[in-house]
Structures are given as structure tokens and as C-alpha cells.
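*Asks:* Handing you this structure, nothing more for now.
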Amino acid sequence: MNKVAGIIRVDRKVLDIDKVLQMGMTFRWRKHGQIWHGVIGRNAVQLEQKNEGVAYSCVNGDSSDSGLNSELIRFFDLERKYEIPHDDENLTNAVGKYEGIRQLQLDPIETLYSFICSSNNHISRISSMMTFLGSKGDLLAQIKSDTDVEPNLFRYQAFPSIETLAQLTEQELRAANFGYRAKFIVKTSASILENGGNSWVETLKSEDYVVAVEKLMTLAGIGRKVADCIALYGLNKRESIPLDVHLIRLANRDYNLKEAEKGLTPTRYEGIVARLRETWGRDAGWVQTVLFYKELQLSKEKKKSPKSKREKNKPRTEKKEVKVEVKEEPVELQSEAQVSSRKGPVVTTRRRAAQKIKTECDEMPLKKAKEEEF
DNA sequence: CAGGTC
DNA sequence: GCTGG
Numbered sequence: 001m002n003k004v005a006g007i008i009r010v011d012r013k014v015l016d017i018d019k020v021l022q023m024g025m026t027f028r029w030r031k032h033g034q035i036w037h038g039v040i041g042r043n044a045v046q047l048e049q050k051n052e053g054v055a056y057s058c059v060n061g062d063s064s065d066s067g068l069n070s071e072l073i074r075f076f077d078l079e080r081k082y083e084i085p086h087d088d089e090n091l092t093n094a095v096g097k098y099e100g101i102r103q104l105q106l107d108p109i110e111t112l113y114s115f116i117c118s119s120n121n122h123i124s125r126i127s128s129m130m131t132f133l134g135s136k137g138d139l140l141a142q143i144k145s146d147t148d149v150e151p152n153l154f155r156y157q158a159f160p161s162i163e164t165l166a167q168l169t170e171q172e173l174r175a176a177n178f179g180y181r182a183k184f185i186v187k188t189s190a191s192i193l194e195n196g197g198n199s200w201v202e203t204l205k206s207e208d209y210v211v212a213v214e215k216l217m218t219l220a221g222i223g224r225k226v227a228d229c230i231a232l233y234g235l236n237k238r239e240s241i242p243l244d245v246h247l248i249r250l251a252n253r254d255y256n257l258k259e260a261e262k263g264l265t266p267t268r269y270e271g272i273v274a275r276l277r278e279t280w281g282r283d284a285g286w287v288q289t290v291l292f293y294k295e296l297q298l299s300k301e302k303k304k305s306p307k308s309k310r311e312k313n314k315p316r317t318e319k320k321e322v323k324v325e326v327k328e329e330p331v332e333l334q335s336e337a338q339v340s341s342r343k344g345p346v347v348t349t350r351r352r353a354a355q356k357i358k359t360e361c362d363e364m365p366l367k368k369a370k371e372e373e374f
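For the record, in the first sequence the residue sitting at position 229 is 229 according to the UniProt record's numbering, with numbers rising by one throughout.
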């Protein structure tokens, strides 16, 4: 009966869950009212951002001591203090204005499928596709509407195993609006199963960045850019820089990169990414995430009519607020942490030599970025 | 058009 | 080249 609940005392400037849960890293979190609902591992989790920090609770029963607190710290990458090149004014300003973004550490398998779905796609549709895949997983908990007008507003489901995913057919996926990605899903599931299933994906975490990307790219629907996304958010490869037109555009504008946005050949991709990595330093992947977010916000503001100046804290996708209630009994989100994290710190600090990344690019970095230990 | 891949 | 906003 003991519900796991507590609060992570972190400032919104360090972690802003409204941003990181809907900006295109992870796709199965949903917000009802002020509460975010999602799944981390086998935990059905509710989160609420308060002034004091992020309140959390686990709503599926059996986890009185699941180490949820330390899992969340890992999930939101809170043990990391991101390193910003000190002479990069553009980046300092961006981080100051678009604060609270983290490099999430997501489930490798879910992330792999997320970004296969991401090609030529937008967040809302990726979300519906990932919800479909998630619907094949174990039901952990369930929210019902108190009005019963709209039952089952949210089902917390563990992401299915490769074995389960491999049973999906192309027709079924196409019927679920996966489009041409249906074939990718079917082929990749079979390949992973052949390679050894879930454990094969897990072992990619311990591979070197370059090797992990190479192995990922052997799978259908995973090219260079998608592999970088998976490596960054699913495998904790901090040197990974998913390169797309948005990033090239902003680098052209703010970092004196002089590259065409289109026609990205493998050689060009490697060359550009190598230079950006040198420019942005140890946490290049996180930098990419922040600047990408900034770029999307700017392009959104451009689209809007100039006269309607909305408050920036107001979510654009605001819908009718629905009162929700947890299956069993509502969980108190206020209480202090009752979780003893006996697992201890999960993350060991290790220094990865970004210089080891092989590149054929002879050019200088775009700006001098001083490495400093914090 | 949307954070490409084959 | 799939499909929704």
C-alpha cells in the first residue's frame, strides 16, 4: 500500500519538465491539468513541477522501494552539470533563455523505435505511433475519468519487448498509420531478435559511440541522423550530434558555418558534426538539444501573427482541462521522499575522449571552445 | 512542410 | 514518399 512519492528539489532553470517531455525526445508522456503521466521502466509515474522542485509519485502498487528517486535523477540526467564553452556568447544566451533542458536518458529500445518513427514526421504523429506500440505492452496502471464520459484517459503501459514487437505485421502497422515506416519496424524487430533481442540493444550502451552508431545503422529505417538520436538519448553517448537542416541553418547563422542545408552526404555529415563537436565540447549532444529547441521556438514565433504576443509559459497545445483520477486512490504528490535509494549512484563519471572520433575533416573548429573541468 | 532513409 | 495539422 505504501505509495512511492517524493520531491526532487531542483530549480526550473535546471529542469523544466514541460519542455523536456514534449520537445521531441520522448513521446509517450501526457499532461492532464498540471500532472504529467508516463512510464519509466516498470513504474507508472506522475510528475508535477512546483516551485520547490519536481514532485513525483509511482501509481502502480508494488513498488514501495523501487529506487524511483534515483531512477528519476538518472532519467533527467540530474547528476550531470553541463559544460558550456565559456567564450560562446550565443550558447550562453540560448541556455539562459531556453533553460531547463536536459539530455534525457531514455530506454534504449523505446528510443530506437521512437526515432525510426521520427523520419519525415512531426511530434504529434510520432506520439500517436509510439502510443500504438506502447499499447502492446503490459498494463501497469490506468487513469479513468471521473465523469466516465471519456473513459481510460491514460493507460500506463510498459514498452513491449522485442519478442512482442516482432509479432506486429506490416498491415497492422500500416492500418495504424505508420506509413512506409511499417516495413522498417517489421524488419528491424526481426533483425534485433536475430541479434539477440533486448539484451543486444542494451549492450550497445557499453559500446563506443562510433561502434554503436555503426551497429544501429545496420537496421532498417535507421540512418545516420536517427542513429545519432538513439545514441544520444537512449545510449548516453554525449558526443552524438543529430544533424538536420535546423541545426545546419543555425550553425550557418550563429557559428559561421558555410554549408548547404540540403544534400547531406555521409562525408559532409561527418565533417560538419566533427567541427560542431569541437566547437561545443564535452556536452555537444546536450548543446545540440538546447539550440535545436531554440530554433524551433524561433520558427514557431515567426509563423505566428506578429500582433498576438502570447505568454511563453503557456503551452501552445493547450486543450480542455480534464479532471483525472487514478485507478485505486489518488496519490499525494506533496510528501517528502520516502524512498531509500539503496542502489546508490548509477552513473559513474567517465571521461570520454571526443577527439578519438575519427573524422576526415581538417578544418578548424568554428569557435574556440575551451575545455574546462568544473 | 514535418528533426530522413533506402 | 506515408499522412496529419
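The beta-carbon is built from N, C-alpha and C at its ideal position, and this holds for glycine as well.
Computed from a predicted structure; not experimentally measured.
Note down, in chain order, each residue of its chain lying with its Cβ closer than 6 Å to the Cβ of Ala227, except the 5 sequence neighbours on either side.
*Replies:* Val213, Leu216 and Met217
*Asks:* Helix, strand or coil for Phe76, going by three-state DSSP, please let me know.
*Replies:* coil
*Asks:* Return the bridge partner residues of Ser118 from the DSSP annotation.
*Replies:* According to DSSP, Ser118 bridges with nothing at all.
*Asks:* In chain order, what residues of the same chain have a beta carbon less than 7 Å from the beta carbon of Leu104, not counting five sequence neighbours either side?
*Replies:* Val20, Met25, Thr26, Phe75, Phe76, Asp77 and Tyr233
*Asks:* Tell me the DSSP secondary structure of Glu172 in three-state form.
*Replies:* In this structure, Glu172 counts as helix in the three-state DSSP scheme.
*Asks:* Determine whether the beta carbon atoms of Gly134 and Arg28 lie at a separation below 8 Å.
*Replies:* yes
*Asks:* Within its chain, find whatever has a CB closer than 7 Å to the CB of Arg42; leave out the 5 residues flanking it on each side and keep chain order.
*Replies:* Excluding the 5 residues flanking it on each side, Arg42 has same chain C-beta neighbours closer than 7 Å at Leu140 and Ala158, in chain order.
*Asks:* Within 10 angstroms of its Cβ, does Lys368 collect 16 or more other Cβ (buried), or is it exposed?
*Replies:* Low confidence applies here, because Lys368 scores a pLDDT of 40, under 50, leaving its location unreliable; read the following figure in that light. Exposed.
*Asks:* Please give me, in chain order, every unbroken run of the beta strand (DSSP E) with length at least 3 that falls completely inside the UniProt domain "HhH-GPD" (139-295).
*Replies:* 139-145 and 154-157
*Asks:* Among all the DSSP beta bridges, which residues are the ones paired with Ile35?
*Replies:* His32
*Asks:* Could you please give me the residues that DSSP links to Val45 through a beta bridge?
*Replies:* Gly38 and Cys58
*Asks:* Please classify Ala94: is it buried, with 16 or more other beta-carbons within 10 angstroms of its beta-carbon, or exposed?
*Replies:* buried
*Asks:* Whose C-beta lies closer than 8 Å to the C-beta of Glu318 among residues of the same chain, with five residues either side of it excluded?
*Replies:* Low confidence applies here, because Glu318 scores a pLDDT of 40, under 50, leaving its location unreliable and the question unanswered by this model.
*Asks:* May I ask you to verify whether the region 111-124 touches the region 78-97, counting CB pairs closer than 8 Å and requiring at least 3?
*Replies:* no
*Asks:* I need the boundaries of the beta strand (DSSP E) containing Ile126, first residue and last residue.
*Replies:* Where Ile126 is concerned, there is no enclosing beta strand (DSSP E), although the alpha helix (DSSP H) it sits in stretches over Ile123 to Gly134.
*Asks:* Residue range of the beta strand (DSSP E) that Gly6 falls in?
*Replies:* Per DSSP, Gly6 belongs to the beta strand (DSSP E) from Ala5 to Ile8.
*Asks:* Exposed or buried, which one is residue 403 when buried takes at least 16 other CB atoms within 10 Å?
*Replies:* With the chain covering 1 to 374 only, the question about residue 403 has no answer from this structure.
*Asks:* For the candidate residues Thr289, Asp244 and Lys294, whose alpha-carbon lies nearest to that of Arg224?
*Replies:* The alpha carbon of Arg224 has as its nearest neighbour, out of Thr289, Asp244 and Lys294, the alpha carbon of Asp244.
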